[in-house]
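In order, the protein sequence lines correspond to chains A and B. The numbers in my numbering rise by one with no breaks, and the one at position 47 of the first sequence is 590. The numbers in my numbering rise by one with no breaks, and the one at position 118 of the second sequence is 661. What follows is a short report on a single structure.
There are 2 protein chains.
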Amino acid sequence: MDGKDGFDLQEFLPYLLNQAAEEASLAFQRHYKARYGMLRTEWRVLFHLGIYGRMTAGGIGARARMHKTKISRAVARLEARRFLTRCADPADRRREVLELTPAGQAAYRDLREVARDYDAALAARFDPEDAAALRRMLRALAGGDDPG
Amino acid sequence: MDGKDGFDLQEFLPYLLNQAAEEASLAFQRHYKARYGMLRTEWRVLFHLGIYGRMTAGGIGARARMHKTKISRAVARLEARRFLTRCADPADRRREVLELTPAGQAAYRDLREVARDYDAALAARFDPEDAAALRRMLRALAGGDDPG
DNA sequence: TGTTAACGGTTGAATTTGTAACTAACAAGA
DNA sequence: TCTTGTTAGTTACAAATTCAACCGTTAACA
C-alpha cells in the first residue's frame with residue numbers, strides 16, 4: 544500500500560507507533576472515563592500512587608515523563624474528587640507528598656484489574672515470545688532509563 | 544521495577560506504546576516544526592497528499608483515522624501557506640479534491656527524506672527480523688484494516 | 001416533484017494542553 | 001545577613017483539540 548513514490552506511511556515507525564498507541568489507549572480510556580470520568584493524565588497519576596505509594600508530584604513527573612503542569616492539574620482534580628490527599632513535607636516545605644485515599648485506592652485496584660485483563664488480551668494476539676520482544680523493543684524506543 | 548502490589552506500569556502495553564510513540568514523534572517533530580512550522584496534523588496531511596496524490600479531506604481522514612475537524616483545519620493552514628490547492632469536484636460539489644502545489648511537493652520530498660533516515664535509525668536499533676516483527680505487531684495493534 | 005435523510009466539510013464554544021511567568025522555600029557563597 | 005541561584009509547584013494566557021451545531025449538496029423514496 545505504499546505510494547507511487549515508494550514511501551510507505553503505514554510502515555513509518557513514528558506513525559505506526561502513534562496509530563497503535565492511540566488504538567490501545569482508546570479502548571482502555573473507555574473504562575476509566577466511563578467509570579470515573581478520568582483523563583489520561585489522571586489515571587497515570589492514580590496508578591503511580593497506587594503502585595509506588597506515597598510520592599511527590601515531581602517524582603511522578605520524573606517517572607512518567609509528564610510535564611509538571613499536567614501533573615499539577617491532574618492532582619488538583621483527583622484531590623477534588625477525594626481520590627488523594629496532599630501533605631507538605633516537613634523536611635522541605637516546597638514538596639507535597641501525595642497519597643491515595645481509600646476511595647482512590649479502590650479506584651486504582653478496580654482499574655488495575657481492567658488494565659491487567661486488557662493487557663493480557665492485547666498480548667494474547669501474539670506468541671508469548673513475540674509479545675515479550677514487543678515490550679522489550681518498546682521500552683528501548685521509549686528511551687530514557689527508569690529514573691528510579 | 545514493579546510496585547509492591549505486582550502491577551508493573553512500565554510493562555502495560557497502552558502505557559508503553561504511548562511512551563514509545565511520544566518519544567519517536569518528538570524527534571521527528573523537531574524537523575517539520577523547525578523547518579516548516581508544521582503541526583502533527585499538517586505533516587500527516589502533507590504526507591498523504593505527497594504519497595497518494597490527489598485526495599479529498601474525507602479520504603485522508605479515513606486513511607489516517609483523523610477527525611474531520613482536525614483535517615479541515617490542517618488543510619486550511621496548509622492552503623494558507625500555499626502548500627496545497629483545493630478544487631471542487633464537479634461530479635459532487637460537496638467534495639473538494641486536494642493537491643499539493645510545487646512548494647508543497649518540495650516540502651514533502653524534503654521531509655520524506657528526513658523520515659526515511661529517521662525510520663532507518665530507529666529500526667537499526669534492532670535486528671532486521673525483530674524490526675520487521677515490530678512493524679507487523681504494531682500494524683496488528685493499530686487495527687482497522689487499510690480502508691484503501 | 002417534494003420531503004427527508006445522509007454526506008462532505010466548516011465553524012464556534014468548551015475542554016485540554018503547552019509555554020512562560022510567577023510564588024514560595026531552600027541552598028550556597030560573599 | 002544578603003544576595004544570587006535553584007527547586008517544587010501553581011497560575012495565566014495562548015494554542016490546539018473535541019464536541020456539537022451548522023450549511024450546502026446529494027441520495028432515497030413517497
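Note that beta-carbon positions come from the ideal geometry of N, C-alpha and C, so glycine has one too.
Query raised in the report: With 8 Å set as the bound, which would you pick, yes or no: does the beta-carbon of Arg-616 of chain B sit closer than that to a beta-carbon of chain A?
Result: Position 73 of the second sequence holds residue 616 of chain B. No, Arg-616 of chain B lies away from the interface with chain A (no Cβ there is under 8 Å from its Cβ).
Query - Integer Cβ distance of Gln-572 of chain B from Arg-583 of chain B, believed to fall under 8 Å - result: Here residue 572 of chain B corresponds to residue number 29 of the second sequence, with the count starting at 1. Here residue 583 of chain B corresponds to residue number 40 of the second sequence, with the count starting at 1. Indeed, because the Cβ distance is near 7 Å, the residues count as touching under 8 Å.
Query raised in the report: DSSP state of Thr-599 of chain B, grouped into three classes?
Result: For the purposes of this step, residue 599 of chain B is taken as residue 56 along the second sequence, with counting starting at 1. Correct three-state label for Thr-599 of chain B: strand.
**Report entry** Leu-589 of chain B, DSSP secondary structure in three states
**Finding:** In the second sequence, the residue the question calls residue 589 of chain B occupies position 46. Leu-589 of chain B falls in the helix class under three-state DSSP.
Query raised in the report: Between the beta-carbon of Thr-628 of chain A and the beta-carbon of Thr-612 of chain A, is there less than 8 Å?
Result: Start at 1 with the first residue of the first sequence, and residue 628 of chain A comes out as number 85. Start at 1 with the first residue of the first sequence, and residue 612 of chain A comes out as number 69. Going by C-beta atoms, Thr-628 of chain A is not nearer than 8 Å to Thr-612 of chain A.
Query raised in the report: For Phe-626 of chain B, which residues from the same chain have a beta carbon less than 7 Å from its beta carbon, with the 5 sequence-adjacent residues on both sides left out?
Result: Stepping through the second sequence from its first residue, residue 626 of chain B is reached at position 83. Excluding residues within five positions, the ones whose Cβ falls inside 7 Å are Leu-589, Leu-643, Thr-644, Ala-646, Gly-647, Ala-650.
Query - Neighbourhood of Ala-676 of chain A by C-beta, 8 Å cutoff - its chain only, sequence neighbours within 5 removed - result: Taking the first sequence and counting its residues from 1, the one referred to as residue 676 of chain A is at position 133. Around Ala-676 of chain A: no qualifying Cβ.
Report task. Quick one: using the 10 Å Cβ neighbour count with 16 as the cut-off for buried, is Asp-660 of chain B buried or exposed? Result -> Within the second sequence, the letter at position 117 stands for residue 660 of chain B. With fewer than 16 other Cβ atoms within 10 Å, it is exposed.
Query raised in the report: Got a sec: is the Cβ-Cβ distance from Glu-554 of chain B to anything in chain A below 8 Å?
Result: By 1-based counting over the second sequence, the position of residue 554 of chain B is 11. Yes, Glu-554 of chain B lies at the interface with chain A (some Cβ there is under 8 Å from its Cβ).
Report task. Measuring alpha carbon to alpha carbon, tell me which of A:Ile-603, A:Glu-585, A:Ala-600, A:Gly-601 ends up nearest Arg-713 of chain A. Result -> Because chain A is modelled from 544 through 691, residue 713 of chain A falls outside the range shown and cannot be assessed.
Query raised in the report: How about Ile-594 of chain B: is its C-beta nearer than 8 Å to some C-beta of chain A?
Result: Numbered from its first residue, the second sequence carries residue 594 of chain B at position 51. Chain A, which has a Cβ nearer than 8 Å to the Cβ of Ile-594 of chain B, makes this yes.
Query raised in the report: Out of curiosity, what's the CA-to-CA distance linking Ala-634 of chain B and His-591 of chain B?
Result: The residue given as residue 634 of chain B occupies position 91 in the second sequence. The residue given as residue 591 of chain B occupies position 48 in the second sequence. Cα to Cα, Ala-634 of chain B sits roughly 22 Å from His-591 of chain B.
Query raised in the report: From this set, B:Ile-614, B:Arg-578, B:Ala-600, which residue's C-alpha is nearest Arg-655 of chain B's C-alpha?
Result: Walking along the second sequence from the start, residue 655 of chain B turns up at place 112. Of B:Ile-614, B:Arg-578, B:Ala-600, the residue nearest in Cα terms is B:Arg-578.
Query - Rounded distance between the beta-carbons of Leu-665 of chain A and Leu-559 of chain B, thought under 8 Å - result: Numbered from its first residue, the second sequence carries residue 559 of chain B at position 16. Numbered from its first residue, the first sequence carries residue 665 of chain A at position 122. Contact flag wrong, Cβ pair sits at about 10 Å.
Report task. Use the C-beta contact count for His-610 of chain A: other C-beta atoms within 10 angstroms, 16 or more gives buried, fewer gives exposed. Result -> In the first sequence, residue 610 of chain A corresponds to position 67, counting from 1. When all chains shown are included, His-610 of chain A counts as exposed.
Query - Secondary structure of Leu-684 of chain B, DSSP reduced to three states - result: For this step, residue 684 of chain B is matched to residue 141 along the second sequence. Leu-684 of chain B: helix per DSSP, three-state reduction.
Report task. Compute the Euclidean distance between the alpha carbons of Glu-566 of chain B and Cys-630 of chain A, then round it to the nearest angstrom. Result -> Within the second sequence, numbered from 1, the residue matching residue 566 of chain B stands at position 23. Within the first sequence, numbered from 1, the residue matching residue 630 of chain A stands at position 87. So the two alpha carbons sit approximately 33 Å from each other.
Query raised in the report: Looking at the C-beta of Asp-632 of chain A, does it have a partner C-beta in chain B at a distance below 8 Å?
Result: In the first sequence, counting from the first residue as 1, residue 632 of chain A sits at position 89. Taking Cβ atoms only, chain B never reaches closer than 8 Å to Asp-632 of chain A, which makes this a no.
Requested in this report: Ignore the nearest five residues each way along the sequence and tell me which others in Ala-570 of chain A's own chain have a CB closer than 8 Å to its CB.
Outcome: Counting from one through the first sequence, the residue named residue 570 of chain A turns up at place 27. These residues qualify, in order along the chain: Tyr-661.
Query raised in the report: Name the chain B residues whose beta carbon is nearer than 7 Å to that of Gly-686 of chain A?
Result: Taking the first residue of the first sequence as 1, we reach residue 686 of chain A at position 143. The contacting residues are Glu-566.
Requested in this report: Return the first residue and the last residue of the beta strand (DSSP E) that Arg-652 of chain A is part of.
Outcome: Mapped onto the first sequence, residue 652 of chain A falls at position 109. Taken as a continuous stretch (DSSP letters only), Arg-652 of chain A belongs to no beta strand (DSSP E), being part of the alpha helix (DSSP H) at 645–666.
Query raised in the report: Using a beta-carbon distance below 8 Å, is Ala-650 of chain A in contact with chain B?
Result: Here residue 650 of chain A refers to the residue found at position 107 of the first sequence. So no, Ala-650 of chain A is outside the interface.
**Report entry** DSSP state of Ala-631 of chain A mapped onto helix, strand, coil
**Finding:** Within the first sequence, the letter at position 88 stands for residue 631 of chain A. Looking at Ala-631 of chain A - three-state DSSP - the assignment turns out to be strand.
Query raised in the report: To the nearest angstrom, how far is it from the Cα of Pro-671 of chain A to the Cα of Asp-632 of chain B?
Result: Residue 671 of chain A sits at position 128 when you count from the first residue of the first sequence. Residue 632 of chain B sits at position 89 when you count from the first residue of the second sequence. The straight-line gap from Cα to Cα measures roughly 50 Å.
**Report entry** Exposure of Arg-606 of chain B, with buried meaning 16 or more beta-carbon neighbours within 10 Å
**Finding:** Taking the first residue of the second sequence as position 1, residue 606 of chain B is located at position 63. Buried: at least 16 other Cβ atoms inside 10 Å.
Report task. Find the nearest neighbour of Ala-619 of chain B within the set B:Gly-602, B:Gln-562, B:Leu-641, judged by alpha-carbon distance. Result -> Along the second sequence, read from residue 1 onward, the residue named residue 619 of chain B stands at position 76. Checked all of B:Gly-602, B:Gln-562, B:Leu-641; the closest Cα to Ala-619 of chain B is B:Leu-641.
**Report entry** Spatially closest choice to Gly-549 of chain B from A:Leu-556, A:Ala-658, A:Arg-638, by CA coordinates
**Finding:** For the purposes of this step, residue 549 of chain B is taken as the residue at position 6 of the second sequence. Answer by Cα proximity: A:Ala-658.
Report task. Can you tell me which of the three DSSP states Leu-582 of chain A falls into? Result -> Mapped onto the first sequence, residue 582 of chain A falls at position 39. In this structure, Leu-582 of chain A counts as coil in the three-state DSSP scheme.
Query raised in the report: What did DSSP end up calling Arg-636 of chain A once you bin it into helix, strand or coil?
Result: Residue mapping note: residue 636 of chain A aligns to position 93 of the first sequence, counting from 1. Reduced to three states, the DSSP call for Arg-636 of chain A is strand.
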